[in-house]
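> Have a look at this one.
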Amino acid sequence: MTETTVRVRFAPSPTGYVHVGNARTALFNWLFARYHGGAFVLRIEDTDVERSEAQYETSLIEDLRWFGLDWDEGSDKGGPFGPYRQSERKDIYAQYATELIQQRRAYYCFCSPEQLEAERQVALKAGRQPRYSGRCRALEPEESAARVKAGEPAAIRLKIPEGAFSWDDLVHGLTSFSGDVIGDPIIVRSDGNPAYNFAVVIDDHLMGITHVIRGDDHISNTPRQLAVYQALGWPAPAFAHLSTILGPDRTRLSKRHGATSLESFREMGVLPEALRNYLALLGWSPADGKTEILSDAGLIAQFSLDHITKSPAVFDQEKLNWLNRHYMKQATMARLAKLSVPFLARAGYIAEPVPNPTLAWLERVVDAVLKNLDTLSQLSEASRLIFEYEPCSPSHQAIMDHLLNDNGAREVLTAFIPQVSEPLTYEKFREIAKAMQKQTGRKGRELFHPIRVALTGAESGPELEKLIPIFEEGSKLSLPHHVKSCTERLREFRECAGIG
RNA sequence: GGCGCUAUCGUCUAGGGGUUAGGACGUGAGAUUCUCAAUCUCAAAACCCGGGUUCGAUUCCCGGUAGCGCUACCA
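For the first sequence, position 11 (counting from the first letter as 1) is numbered 96 according to this note's numbering, and the numbering increases by one without interruption.
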């Protein structure tokens with residue numbers, strides 16, 4: 086059996102926003118290509134002049150790179166089947182359109198958009214199928230040619246033949262449409278730009294695409310494209326249509342559902358590998374039906390179109406968070422510290438550029454608070470008690486009252502505070518704590534809780550073992566928001582608590 | 001309206017003519033820890049409805065319902 090090399094493509098239009106649904110489509114194409122050792126092509130579908138902007142292509146590519154995908158051919162790196170930007174392929178489309186006109190498989194249409202829209206409305210109102218009447222189909226080709234030559238604006242329509250269009254969808258199985266529900270579609274607009282259903286077929290064919298993996302909103306377009314393949318005498322590729330991603334309200338996931346673009350997930354501090362893993366699981370499952378944590382290598386090794394679900398899936402931020410927590414724990418602290426910079430800078434805690442000693446200290450900060458984070462965007466909140474300590478402020482009144490009403494706690498602190506001197510190490514702290522235990526007879530929670538409150542101003546937080554060195558080292562750094570050392574903290578505490 | 005696609009715990013899913021319908025997120029309980037979290041253990045939680053086919057349907061077929069998509073000189 087000779088198997089032609091698999092070639093797939095991701096073909097976004099550059100709108101400056103990569104929706105997770107598209108990201109998943111790209112991911113599935115990429116996984117499929119890598120599994121088969123085939124090629125993954127990035128093609129830019131920018132035939133809609135009104136919606137496309139060149140700068141969007143740059144950010145699109147950046148987003149895709151951030152997401153962790155790479156491609157073998159594309160608008161940015163070229164390849165043997167270029168150009169990979171539809172706006173640069175107009176001559177090619179025009180050539181095939183002319184060919185179809187000559188073969189009488191397509192014809193010029195002089196109907197104005199206004200006229201067509203009016204007819205559409207009439208049909209809709211009458212409860213009829215709003216499809217093109219085929220009026221210009223009956224025109225004599227010579228007459229049409231003359232009118233075009235005379236400068237009359239004309240679109241080009243494909244003649245849809247009688248019969249049904251069907252294909253064996255790799256996800257949905259046999260799918261078929263009756264030809265008579267499709268009006269003759271426009272393949273070239275009157276402004277000379279190709280229509281999507283025409284350009285996509287020519288590009289896929291010329292670029293040797295073997296498998297078209299795309300969103301299921303294209304299912305209804307497929308018969309039209311099949312008609313183009315037929316008219317051109319080309320074999321159609323295999324099609325695989327992926328289900329839609331929905332929001333919690335079960336409508337198509339869109340911007341009003343919150344974060345839905347790759348950029349927004351990056352800004353949220355979601356790790357790309359977490360998003361990849363999550364999106365792979367949305368509509369696809371591994372052969373054992375159980376594994377959830379999958380590396381890229383694991384994903385590639387197992388990826389198969391056989392295990393794709395047909396039904397739409399609701400995007401679940403909670404599960405993404407779970408995966409993100411997992412991957413943050415896997416990540417090196419050095420990487421996380423670097424990623425954390427913009428979040429802490431935004432809170433005013435640190436300033437960019439960050440000197441190396443600060444970066445090293447940030448690794449400890451991230452390490453301390455990591456277990457409390459879903460995403461990096463929660464970092465500033467989680468590390469607030471490191472950067473902000475104001476025991477005398479009104480916001481701490483309740484905590485202080487609660488603490489000071491406890492005589493045992495007062496006893497611990499009265500003994501503890503004088504013992505602390507600069508610099509405090511965790512080892513020294515343990516020694517003091519041990520002595521406190523002997524002296525007061527308090528241990529465990531009763532001993533550590535008051536100390537925690539005095540030192541951090543909060544009743545809960547990361548382990549003191551991690552916080553103490555962070556306070557001490559942080560106090561020596563020159564940060565825009567000074568980090569108070571343990572002794573500084575206790576001095577302030579004493580002032581408003583009257584203890585020690 | 002027409003055409004198409006879809007339907008298993010709240011969510012993502014596995015499975016498939018006879019199963020205690022499996023896993024994961026989330027939720028609840030317990031264990032552990034100086035607290036929160038993390039971690040571990042346990043628990044609750046599902047086959048849309050109605051017909052058929054069959055000894056037997058959650059699984060196959062048909063219908064209904066619901067959701068979504070397409071019905072453009074958008075992609």
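Each residue gets a CB set at the ideal place from its N, CA and C atoms; glycine is no exception.
Shorter than 7 Å, the distance from the beta carbon of Val-256 to the closest heavy atom of the ligand HEM, or not?
Summarising the ligand content, the structure contains no ligands, and the ligand HEM is consequently not present.
> Could you please give me the residues that DSSP links to Pro-279 through a beta bridge?
Walking along the first sequence from the start, residue 279 turns up at place 194. Looking at the DSSP assignment, Pro-279 forms a beta bridge with Val-273.
> Once DSSP output is grouped into helix, strand and coil, what is the label at Ala-191?
Taking the first sequence and counting its residues from 1, one reaches residue 191 at position 106. The answer is strand: DSSP assigns Ala-191 an E or B state.
> On the CB-based measure, 16 or more other CB atoms within 10 Å of its CB, does Thr-307 come out buried or exposed?
Counting from one through the first sequence, the residue named residue 307 turns up at place 222. Per the 10 Å Cβ criterion, buried.
> Exposed or buried, Ile-378, counting other C-beta atoms within 10 Å across all chains shown (16 or more means buried)?
If you number the first sequence from 1, residue 378 lands on position 293. Classification for Ile-378: exposed.
> Taking 8 Å as the threshold (C-beta atoms), are Arg-449 and Ile-536 in contact?
Walking along the first sequence from the start, residue 536 turns up at place 451. Walking along the first sequence from the start, residue 449 turns up at place 364. Not closer than 8 Å, so no.
> Please return the same chain residues whose Cβ sits closer than 8 Å to the Cβ of Trp-151, not counting the five positions on each side in sequence.
For the purposes of this step, residue 151 is taken as the residue at position 66 of the first sequence. So the qualifying residues of the chain are Leu-347, Arg-351, Pro-357.
> Which residues bound the alpha helix (DSSP H) around Ser-560?
Counting from 1 along the first sequence, the entry for residue 560 is found at position 475. Looking at the DSSP string, the run of the alpha helix (DSSP H) that includes Ser-560 is 549 to 561.
> Please report how far the alpha carbon of Ala-467 lies from the alpha carbon of Thr-443, in whole angstroms.
Counted from its first residue, the first sequence places residue 467 at position 382. Counted from its first residue, the first sequence places residue 443 at position 358. If I take the Cα positions, the gap works out to 18 Å.
> Quick check on the burial criterion: 16 or more other C-beta atoms within 10 angstroms. Buried or exposed for Thr-541?
The sequence position of residue 541 within the first sequence is 456, counting from 1. It is buried - the Cβ of Thr-541 has at least 16 other Cβ atoms within 10 Å.
> Quick check on this structure: which residue in Asp-373, Ala-223, Gln-206, Ser-275 has the alpha carbon closest to the alpha carbon of Ala-240?
One-based indexing of the first sequence puts residue 240 at position 155. Among Asp-373, Ala-223, Gln-206, Ser-275, the Cα nearest to that of Ala-240 belongs to Ser-275.
> Taking the alpha-carbon of Ala-96 as reference, which of Leu-317, Gly-300, Glu-247 has the nearest alpha-carbon?
Working through the first sequence from its first residue, we reach residue 96 at position 11. The residue with the shortest Cα to Cα distance from Ala-96 is Gly-300.
> Leaving out the 5 sequence neighbours to the left and right, which residues in its chain are closer than 7 Å to Arg-495 when beta-carbon positions are compared?
Looking up residue 495 in the first sequence gives position 410. If we look at Arg-495 and ignore the five residues flanking it on each side, its Cβ neighbours are Leu-489, Ile-584.
> Does the Cβ of Cys-571 have 16 or more other Cβ atoms within 10 Å, making it buried, or fewer, making it exposed?
Residue 571 sits at position 486 when you count from the first residue of the first sequence. Buried: at least 16 other Cβ atoms inside 10 Å.
> Smallest Cα separation from Leu-364: which of Ser-98, Trp-115, His-303?
Sequence index remark: in the first sequence, residue 364 carries index 279 (1-based). Nearest of Ser-98, Trp-115, His-303 to Leu-364, Cα basis: Trp-115.
> Using a Cβ-Cβ cut-off of 8 Å (strictly less than) and excluding sequence neighbours within five positions of Ser-560, which residues of its own chain qualify?
The residue given as residue 560 occupies position 475 in the first sequence. Correct list, in chain order: His-567, Val-568, Lys-569, Ser-570, Glu-573.
> Measure how close the beta-carbons of Gly-122 and Arg-92 come, nearest whole angstrom, since I'm counting them as under 8 Å.
Here residue 122 refers to the residue found at position 37 when the first sequence is read from its first residue. Here residue 92 refers to the residue found at position 7 when the first sequence is read from its first residue. The Cβ separation is near 11 Å, so there is no contact.
> Give me the residue from Pro-440, Ile-393, Pro-322 with the minimum Cα distance to Arg-109.
Along the first sequence, one-based indexing puts residue 109 at 24. Residue Ile-393 is the option with its Cα nearest to Arg-109.
> Grab the span of the alpha helix (DSSP H) containing Gly-529 for me, first residue to last.
Against the first sequence, residue 529 aligns to sequence position 444. Note, Gly-529: alpha helix (DSSP H), 529 to 541.
> Could you check the C-alpha separation between Arg-604 and Pro-168 for me, to the nearest Å?
Residue coverage of the chain in this structure runs from 86 to 585, which leaves residue 604 outside it and unanswerable.
> Candidates Lys-456, Ser-563, Ile-517, Leu-498: which alpha carbon is nearest Pro-547's?
Counting from one through the first sequence, the residue named residue 547 turns up at place 462. The shortest C-alpha separation from Pro-547 is found at Lys-456.
> Taking 8 Å as the threshold (C-beta atoms), are Gln-310 and Asn-278 in contact?
Here residue 278 refers to the residue found at position 193 when the first sequence is read from its first residue. Here residue 310 refers to the residue found at position 225 when the first sequence is read from its first residue. For Asn-278 and Gln-310, no; Cβs fall outside 8 Å.
> Do you know whose CA, among Ser-563, Ala-111, Pro-99, Thr-90, lies nearest Arg-361's CA?
Counting from one through the first sequence, the residue named residue 361 turns up at place 276. The shortest Cα separation from Arg-361 among Ser-563, Ala-111, Pro-99, Thr-90 belongs to Ala-111.
> First and last residue of the beta strand (DSSP E) that includes Ser-261?
Along the first sequence, read from residue 1 onward, the residue named residue 261 stands at position 176. Looking at the DSSP string, the run of the beta strand (DSSP E) that includes Ser-261 is 258 to 263.
> Let me know the secondary structure DSSP gives His-567 once reduced to three states.
Position 482 of the first sequence, counting from 1, holds the residue named residue 567. Coil.
> In chain order, what residues of the same chain lie with their CB nearer than 7 Å to the CB of Trp-319, ignoring the 5 residues before and after it?
On the first sequence, residue 319 is found 234 positions in, with the first residue counted as 1. Same-chain partners within the cutoff: His-290.
> Ignore the nearest five residues each way along the sequence and tell me which others in Ser-462's own chain have a CB closer than 8 Å to its CB.
Residue 462 sits at position 377 when you count from the first residue of the first sequence. So the qualifying residues of the chain are Glu-352, Met-353, Gly-354, Phe-428.
> Could you spell out the range, first to last residue, of the alpha helix (DSSP H) harbouring Leu-498?
Within the first sequence, residue 498 is the residue found at index 413, counting from 1. Leu-498 -> alpha helix (DSSP H) spans 492 to 501.
> Does the stretch 510 to 521 come into contact with the stretch 417 to 434, if we say contact requires no fewer than three beta-carbon pairs (one atom in each stretch) closer than 8 Å?
Touching, no.
> Do Ala-422 and Val-451 have their beta-carbon atoms positioned less than 8 Å apart in this structure?
Looking up residue 451 in the first sequence gives position 366. Looking up residue 422 in the first sequence gives position 337. The answer is yes: Cβ separation under 8 Å.
> Could you give the DSSP three-state label for Ile-241: helix, strand or coil?
Translated into positions along the first sequence, residue 241 becomes position 156. Ile-241: strand per DSSP, three-state reduction.
> Could you check whether the stretch 321 to 334 touches the stretch 251 to 258, counting it as contact only if at least three pairs of C-beta atoms, one from each stretch, sit closer than 8 Å?
Enough Cβ pairs lie closer than 8 Å, so yes.
> Can you say whether Gly-159 is buried or exposed, counting buried as having 16 or more other CB atoms within 10 angstroms of its CB?
As a first step, residue 159 must be located in the first sequence, where it is residue number 74. Gly-159 is buried by the Cβ-count criterion.
> In whole angstroms, what separates the C-alpha of Leu-209 from that of Val-266?
Looking up residue 209 in the first sequence gives position 124. Looking up residue 266 in the first sequence gives position 181. Roughly 14 Å separates the two Cα atoms.
> For Thr-87, is the classification buried or exposed, using 16 other Cβ atoms within 10 angstroms of its Cβ as the cut-off for buried?
Taking the first sequence and counting its residues from 1, one reaches residue 87 at position 2. Caution applies to Thr-87, whose pLDDT of 44 falls short of 50 and renders its modelled position unreliable; the model cannot decide the point.
> When you compare only the Cα positions, how much space is there between Leu-498 and Arg-515?
Residue 498 sits at position 413 when you count from the first residue of the first sequence. Residue 515 sits at position 430 when you count from the first residue of the first sequence. Going from the Cα of Leu-498 to the Cα of Arg-515 covers about 15 Å.
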